[in-house]
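Chemist: Here it is, the structure in full.
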Amino acid sequence: MRDRASWRRQLEKELSSFPPVMFEVELALFLIERVAPGCPAAGGWTFLGGYPFAGSAGRRLPADHEIMLARGRVYLGRLRRRHVWRQELDRYQRLPEADRGYDVADPSRPAVRRAVTRCAGRWDAYAAALDEPPTFELRRLPLADAGPHWFLSRQRRRLPVDIPAELVLASPAGHDLHAPLAGGGEPLTVTRDELLDTARWMDSTLMAAGLESQARWERRLGRVTIRYPGSGGAGTAEGALRVDGLLHLAGMVGAGKSTLRDVLAVWAARHGLRCTLVVSDVAEVLRLTVGFRQLGLRAAPLLGASTRERHIERMHRRLAARGTGSLLAHDDPSFDFLSTTCVVDGLRGLEAGTPLRYLEAPCTTLYQAGDDEEDADGETPRRPRRQGCPAWPVCPRQHGYREQVGAEIWVATPASLVHSEVPAHQNAERIRYLELACRRSDLIIVDEADLVQMQLDAMFAPAATLIGRSPESLLDNLQRDKIEELAREGRLQLGEQTTETWVGAMDTVATAANRLYALLVQHPEIQRWVIADYFSAWTLHQQLLHDWYPPPGNDGDPDPHAARRQEVNDILDAFRDDPLGDGTQHDPEVDTLVRLCHESLSTMGPQLRQRLQAAMLRLSGLDGADEARAAEHALRLGFTLLLAALQVRLDLAMALWPAVEAALNLESPASLLSRRPPLDYLPLVPESPMGNVLGF
Ligand code: SF4
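Its first residue numbered 36, the sequence shown is counted upward by one per residue in our numbering.
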């Protein structure tokens, strides 16, 4: 994760009247000036989303310009959408002339650089931002000292804990983010004989450890044949395996690909190289890690922290299914990496009635007692400073993280690589494991690449069924879990503002969805109207406009409805922006729709239908004499009002999800909401083209 604001900090001090986002607009214009001089300012957004618009227009950018664009995307991601860019550009042009470095009087032409006297160092700052790699975002976490501390429970109650001096340990070792690759980044070449030697070594090591039943590597590898495409495309020369960049290995089921994977990883580890294996599930991660460690190699799994309880339960179930009934007899070495023990929990004293829940452990959220007392002026309570748990270096729960430092082999799933971050105890730099694995690994082996690709697709282009038959119904699953969780804690969680807002948003989504279904089930004509294609409130409003104000038959014919169509379009646009009236300023026509939307959420009785019909007739200009048509169009309008409410609240619920997921213990649904790609990948992985389209 990169620091996206430090490049403009000094500029903000020098020109405090300039809104920070305007420095971003200026940096974007500077970027365009460098990589695409002559490009109209209005097209600036096309450089920021990651899609190769320039390439499709036949322009090849030099490599250094591509790097500059990639750096620009780190800082300017929020300007990547056309309407945001145009809006901010317009705002920029309205700033005082003396503050602006560019003039964008006509966005269809290139921006014109101006001579500036205020904040004259801005050009150097922009050049430095694009010429130097972005630095890591930092988070400093001082470790707690001995003495009384507190942390917050899920119910926001302070839980005291006294840290003894014996648990105040030196900071644990972190990852060296700048260490060169052991292999120098050179292509790797390994002969078949070397692989067979490695397999023999694996067998002898296992036999020496009394694991004869597993010592079959030489026999298994002996059956593997590696064939390469020859220069003619069909050759079969057998020889050394050379990994230079990306190498695809394909083979039938049982051909020995997994055997080759494991022997290759061991060969790399024994040659001082570092290797990351990516497999599709956690059970395989643990099995492989244990296998490598039985060989005396340093191997560590990469597992997400929030899903550990689920993995430990699955491991117990697997062992029970193999006939080990008693939990006490479950002693698989994988449990070393699945511990949920919290040392601090044991220090809470006898007043702690129940153990802490897994996610309540205060690994990074300890506060020193008295740290939030009033200032010397006796008035302002200080904001308490977050501290890290000092027992981290010996905590059983953190064993896996500690083993990762210096391990020769990492075994990961796509989810753990993409989502998990290196703990703050180990590195002040914020970095996800995917980047760290790329920085430290001489070899990355992706097993079952098709399954891994499916997981990556699901992460970066997530999709889910909002409402359907159980169990494939995201909304119903979330509602059920939400109600259970709220009831379990006596609704104390609603004391938290974000949680309350999220719960309210989900309630509206559920109500709107039920009202919409009622309309669809009771009125087949509405069903026929909406099922022609996927739909949203916008597409349905466009259909209504088309019906109410049909465009002229031929191009060039006068359009008698143009003005009124535009007026109604503006009203519907304004309504969709704020269908539940969260803002304050609306015109009376929009307010009427907002009121009708609220009423529609509770009932669609005859009186409301009459009011809907009156509103529809005002907007459409239809003649109410055709009763059946007027009634149907009133229902259509009502349907779009509910749909707009559902969309806007669903959007809010998704935006708040990361903040409430843990607070409401809703991690388990593994839903679309919890699988949103982390935003820090945006500079590298363009947003999915469908990512912002909500269709039904
Ligand atoms: S580091 Fe370990 S002991 Fe400390 S709070 Fe976290 S789980 Fe508990």
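Glycine included, every Cβ here is placed at the ideal spot set by N, Cα and C.
#1: How many Å lie between L757 and R630 at the Cα?
#2: Where do the ends of the alpha helix (DSSP H) carrying A597 lie?
#3: What's the C-alpha gap between T233 and L96?
#4: Residues in its own chain within less than 7 Å of P222 by CB, not counting five upstream and five downstream?
#5: Provide the residue span of the alpha helix (DSSP H) that contains C473, from first to last.
#6: Quick check on the burial criterion: 16 or more other C-beta atoms within 10 angstroms. Buried or exposed for C473?
#7: DSSP three-state label for R383, please.
#8: Say the cut is 7 Å; is the CB of R437 nearer than that to a heavy atom of the ligand SF4?
#9: With DSSP run on the structure shown, which of helix, strand or coil describes Q190?
#10: Curious, which full-length alpha helix (DSSP H) runs of at least 4 residues does the region 269-321 contain?
#11: In three-state terms, what does DSSP make of M443?
#12: Say yes only if the C-beta of D371 is nearer than 7 Å to one or more non-hydrogen atoms of the ligand SF4, and no if none qualify.
#13: Check each residue's C-beta against every heavy atom of the ligand SF4 and list, in chain order, those closer than 6 Å.
#14: Need the endpoints of the alpha helix (DSSP H) that V481 sits in, please.
#15: Return the chain-ordered ranges of every beta strand (DSSP E) run that is complete within the region 643-696 and spans a minimum of 3 residues.
#16: Taking 8 Å as the cut-off, decide whether the C-beta atoms of T448 and D367 are in contact.
#17: When burial is assigned at 16 or more other CB atoms within 10 Å of the CB, is G435 buried or exposed?
#18: Please report the distance separating the alpha-carbon of P54 from that of L178.
#19: Tell me the rounded alpha-carbon separation between P145 and S51.
#20: Determine the DSSP secondary structure at D511, reduced to helix, strand or coil.
#21: Helix, strand or coil: how does DSSP classify R182 here?
#22: Just the C-alpha distance for K48 and V203, rounded to the nearest angstrom, thanks.
#23: I need the straight-line Cα distance from P536 to L529, nearest angstrom please.
#24: Here's a check: name, in chain order, each residue in its chain whose Cβ is nearer than 7 Å to the Cβ of S374, leaving out the five neighbours to either side.
#25: Would you mind sorting T423 into buried or exposed? The rule is 16 or more other CB atoms within 10 Å of its CB.
#26: Examine the Cβ distances between the region 554-566 and the region 655-675 and report whether three or more of them are shorter than 8 Å.
#27: Would you call T170 buried or exposed, if buried means 16 or more other Cβ atoms sit within 10 Å of its Cβ?
#28: Write down the C-beta distance between P142 and A63 rounded to the nearest angstrom, noting that I regard them as a contact closer than 8 Å.
#29: May I ask you to report which of helix, strand or coil DSSP gives F65?
#30: Kindly indicate which three-state DSSP category Y716 falls into: helix, strand or coil?
#31: In three-state DSSP terms, what is W120?
#32: Under the rule that 16 or more other beta-carbon atoms within 10 Å means buried, what is H210, buried or exposed?
#33: Rounded to whole angstroms, how far is the Cβ of P68 from the Cβ of R148, which I believe are closer than 8 Å?
#34: Short of 8 Å in beta carbon distance, which residues of its chain neighbour R421, apart from the five on each side in sequence? Order them along the chain.
#35: How would you write the range of the alpha helix (DSSP H) that A335 sits in, first residue to last?
#36: Strictly by DSSP, which residues pair up with E253?
Modeler: On the basis of the supplied data:
#1: A question about residue 757 goes unanswered here, because the residues of the chain that appear run from 36 up to 731.
#2: 597-612 is the extent of the alpha helix (DSSP H) around A597.
#3: Linking T233 to L96 through their CA atoms gives a straight-line distance of about 46 Å.
#4: Scanning its chain for C-beta atoms nearer than 7 Å, with the 5 sequence neighbours on each side dropped, one finds around P222 the residues R277, V278, D279, in chain order.
#5: Where C473 is concerned, the enclosing alpha helix (DSSP H) stretches over 468-475.
#6: Residue burial annotation: C473 is exposed, with fewer than 16 other C-beta atoms found within 10 angstroms of its C-beta.
#7: The three-state secondary structure of R383, taken from DSSP, is coil.
#8: At a cut-off of 7 Å, the beta-carbon of R437 does not count as near the ligand SF4: no heavy atom of the ligand is closer than that.
#9: In this structure, Q190 counts as coil in the three-state DSSP scheme.
#10: Within the region 269-321, complete alpha helix (DSSP H) segments of at least 4 residues are found at 292-305, given in chain order.
#11: According to the sequence shown, residue 443 is Glu rather than Met. Residue state, collapsed to three classes: coil.
#12: The answer is no for D371.
#13: With the criterion CB distance below 6 Å from any heavy atom of the ligand SF4, the matching residues run C377, V378, V379, A396, P397, C398, C424, A426, W427, C430, R432, Q433 along the chain.
#14: In the DSSP assignment, V481 falls outside any alpha helix (DSSP H) and lies within the beta strand (DSSP E) extending over 478-481.
#15: Correct list: empty.
#16: Against a cut-off of 8 Å, the Cβ pair of D367 and T448 comes out as no contact.
#17: G435 should be labelled buried.
#18: Rounded to whole angstroms, P54 and L178 show a C-alpha spacing of 36 Å.
#19: Taking the straight line from one Cα to the other gives about 27 Å.
#20: The answer is helix: DSSP assigns D511 an H, G or I state.
#21: Reading off the sequence, residue 182 comes out as Gly, not Arg. G182: strand per DSSP, three-state reduction.
#22: Each residue's Cα considered, the two are about 40 Å apart.
#23: A small fix is needed here, since residue 536 is Thr in this sequence, not Pro. Approximately 9 Å, taken between the alpha carbons.
#24: Taken in chain order, the residues that qualify are P431, R432, H434.
#25: A small correction: the amino acid at residue 423 is Gly; Thr does not occupy that position in the sequence shown. G423 should be labelled buried.
#26: At 8 Å Cβ cutoff, the stretches touch.
#27: Burial is judged here by how many other beta carbons sit within 10 angstroms of a residue's own beta carbon; T170 has fewer than 16 and is exposed.
#28: Your pair P142 and A63 does not check out as a contact, with CB atoms roughly 13 Å apart and the cut at 8 Å.
#29: Of the three classes helix, strand and coil, the one that applies to F65 here is helix, per DSSP.
#30: In the displayed model, Y716 falls within a helix according to three-state DSSP.
#31: W120: helix per DSSP, three-state reduction.
#32: It counts as buried.
#33: Note on residue identity: the sequence assigns Glu, not Pro, to residue 68. Right, their Cβ atoms sit about 7 Å apart.
#34: Its chain contains L176, T399, T400, L401, Y402 as the residues whose beta carbon lies nearer than 8 Å to that of R421, once the 5 sequence neighbours on both sides are disregarded; these appear in chain order.
#35: Looking at the DSSP string, A335 is not in any alpha helix (DSSP H); the run it does join, the beta strand (DSSP E), is 334-337.
#36: Beta-bridge pairing links E253 to no other residue.
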